[in-house]
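Single-structure report; data block below.
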Amino acid sequence: PDYASMMQAMQNNPLMAQMLAGGGAGAIPPPNQAELEQRYASQLETLQSMGFVDTAANLEALRVCDGNVELAVNYLFDMGAGN
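Offset between the sequence shown (1-based) and this note's numbering: plus 2.
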């Protein structure tokens, strides 16, 4: 098949057109809050016992820091939490 007919076939396929446009091309959606709360339950409890009460911010910090509480605390301070 020639290039033009191959391009036409890809453009006629909505999924392929979306991928060519960069929409969701291989992107993995981030976990939802319930998944994060389950994954980081003990770390979340530790952060809350340290006075970090914003659950959404705590979960974001834990997600970014791969569950490491010490790094998450630094992340939260850097982001202005606890002020």
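Idealized CB from N, CA, C, for every residue including glycine.
Do the CB positions of V71 and Q35 come within less than 8 Å of each other? no
Tell me which same chain residues have a C-beta within less than 7 Å of the C-beta of S7, skipping the five on either side of it?
Taken in chain order, the list of residues that qualify is empty.
### Cβ neighbours of L64 in the same chain (closer than 6 Å, five flanking residues each side left out)
Taken in chain order, the residues that qualify are Y42, Q45, A74.
- [ ] Identify whether V71 lies in helix, strand or coil by the three-state DSSP scheme.
- [x] helix
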